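Peer 1:
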Amino acid sequence: MTNGEKTSVLITGGNKGLGLEAARRLGERGWTIFLGSRDEGRGRAAADKLTAGGANVVLVPLDVTSNESVLDAAELVREHTDRLDVLINNAGAPGGAVPPADATVDDVHPVYDANVYGPIRVTHAFLPLLRAADNPRVVMVSSAGGSFAVVTDPAQPISRMHELAYSSSKAALNMITVRYAQALPDIKFNVATPGEVANHKFAATDMNRHTGQLTVTEGTDSIVELATLDADGPTGTFTDRLGPVGW
Ligand SMILES: NC(=O)c1ccc[n+]([C@@H]2O[C@H](COP(=O)([O-])OP(=O)(O)OC[C@H]3O[C@@H](n4cnc5c(N)ncnc54)[C@H](OP(=O)(O)O)[C@@H]3O)[C@@H](O)[C@H]2O)c1
Numbered sequence: 000m001t002n003g004e005k006t007s008v009l010i011t012g013g014n015k016g017l018g019l020e021a022a023r024r025l026g027e028r029g030w031t032i033f034l035g036s037r038d039e040g041r042g043r044a045a046a047d048k049l050t051a052g053g054a055n056v057v058l059v060p061l062d063v064t065s066n067e068s069v070l071d072a073a074e075l076v077r078e079h080t081d082r083l084d085v086l087i088n089n090a091g092a093p094g095g096a097v098p099p100a101d102a103t104v105d106d107v108h109p110v111y112d113a114n115v116y117g118p119i120r121v122t123h124a125f126l127p128l129l130r131a132a133d134n135p136r137v138v139m140v141s142s143a144g145g146s147f148a149v150v151t152d153p154a155q156p157i158s159r160m161h162e163l164a165y166s167s168s169k170a171a172l173n174m175i176t177v178r179y180a181q182a183l184p185d186i187k188f189n190v191a192t193p194g195e196v197a198n199h200k201f202a203a204t205d206m207n208r209h210t211g212q213l214t215v216t217e218g219t220d221s222i223v224e225l226a227t228l229d230a231d232g233p234t235g236t237f238t239d240r241l242g243p244v245g246w
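With numbering that gives the first Met the number 0, you'll find the sequence shown wraps up at 246, consecutive numbering, no jumps.
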């Protein structure tokens with residue numbers, strides 16, 4: 000068993016980008032990090048790096064598109080702890096940015112499998128461990144692209160980027176978060192977007208070929224804030240590092 004006094008967090012897609020940076024920052028606070036990675040080699044390399052920096056890390060092989068992998072991951076975490084304080088559903092797939100006129104179900108399905116069904120699979124499997132915590136928090140890592148308010152604003156560049164799968168998957172994730180928050184008031188469910196929506200900025204990672212203007216540390220500000228909410232903190236919100244984002 001991992002030390003039951005420590006705050007624990009599971010981060011999906013923790014082997015690189017924002018997931019890895021969130022792991023580093025929460026590890027610095029002395030939290031136990033369950034580091035999800037669909038590829039064990041990449042996950043091990045990331046876990047070793049965090050451990051070398053002093054963090055307490057347990058590598059969790061976890062492909063969010065596989066029921067079996069998610070159930071195995073819950074089993075593994077349960078071997079280390081009888082409760083999970085925080086779940087960060089961070090893993091995400093960008094898809095191929097196929098324009099709406101060309102997009103087929105075959106283009107959209109894998110994106111939904113990672114971005115929509117993935118967080119549902121993982122949340123469902125980890126609910127018993129979350130319910131055993133005193134102040135359980137779930138952070139859904141979404142996107143400004145999932146916001147109707149942002150995508151329908153002509154001043155936002157994303158309104159002119161014609162794409163179907165990714166933005167609609169994140170819009171679904173936003174609604175899923177709200178529905179969880181309403182139905183499960185004992186667990187905080189909040190949506191984080193890594194960018195600065197008002198300034199049209201996002202964080203440089205592999206997902207955007209490092210074209211983002213923000214660092215991964217800036218990109219994880221909203222994720223860390225929602226992961227560290229007090230017991231009297233909000234649920235059912237959508238924020239970036241500057242504050243509330245329109246749905
Ligand atoms: N960067 C931004 O400014 C920005 C803006 C809006 C939203 N987001 C969201 O932030 C989250 C993290 O993205 P990022 O920018 O850090 O991109 P990234 O560096 O490409 O990281 C994506 C992570 O998701 C993992 N992943 C993908 N499919 C998976 C699956 N089926 N099972 C488990 N893990 C899987 C990847 O694993 P592999 O290494 O194995 O591929 C990787 O660890 C995503 O949900 C993304 O949509 C990012």
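We put the beta carbon where it would ideally sit given N, CA and C, even for glycine.
Bear in mind that the values here come from a model prediction, so they are computed numbers and not experimental data.
(1) What's the C-alpha gap between residue 154 and residue 43?
(2) If we ignore side chains and look at the alpha-carbon of each, how far apart do residue 12 and residue 120 end up?
(3) Distance, Cα to Cα, residue 194 vs residue 48?
(4) Would you list the one or two residues that DSSP bridges to residue 188?
(5) Hey, is residue 133's beta-carbon within less than 7 Å of any beta-carbon in chain D?
(6) Please identify the residue among 198, 178 and 192 whose C-alpha is closest to the C-alpha of residue 234.
(7) So which of 216, 130 and 37 has the shortest CA-CA distance to residue 65?
(8) From the DSSP output, which residues share a beta bridge with residue 10?
(9) Helix, strand or coil: how does DSSP classify residue 0 here?
(10) Residue 28: beta carbon under 6 Å from a heavy atom of ligand 1?
(11) Suppose you measure from the CA of residue 185 to the CA of residue 101; what does that come to, to the nearest Å?
(12) Report yes if the C-beta of residue 193 is less than 6 Å from at least one heavy atom of ligand 1; otherwise report no.
(13) Is residue 174 near ligand 1 - that is, is its Cβ less than 6 Å away from at least one heavy atom of it?
(14) For the alpha helix (DSSP H) that residue 228 lies in, which residues bound it at each end?
(15) Nearest to residue 18 by CA position, among 89, 225 and 160, is which residue?
(16) What does the alpha-carbon distance come out to for the pair residue 199 and residue 78?
(17) Taking the C-alpha atoms as reference points, what is the distance between residue 256 and residue 241?
(18) Less than 6 Å between the CB of residue 142 and some heavy atom of ligand 1, yes or no?
Peer 2: Taking the geometry as given:
(1) Between residue 154 and residue 43, the C-alpha separation is close to 42 Å.
(2) 14 Å
(3) The alpha-carbon atoms of residue 194 and residue 48 are separated by roughly 25 Å.
(4) 137
(5) Protein chain content of the structure displayed is limited to a single chain, and chain D is not contained in it.
(6) 178
(7) It is 37 whose Cα lies nearest to the Cα of residue 65.
(8) 34 and 87
(9) Confidence at residue 0 is low in this model, with a pLDDT of 47, below 50, so its placement is unreliable and the value that follows should be read with caution. Coil, per DSSP.
(10) no
(11) 43 Å
(12) yes
(13) no
(14) Here residue 228 belongs to no alpha helix (DSSP H), and DSSP marks it neither H nor E.
(15) 89
(16) Cα to Cα, the separation comes out at about 43 Å.
(17) Nothing in the structure corresponds to residue 256, since the chain is present only between 0 and 246.
(18) The answer is yes for residue 142.
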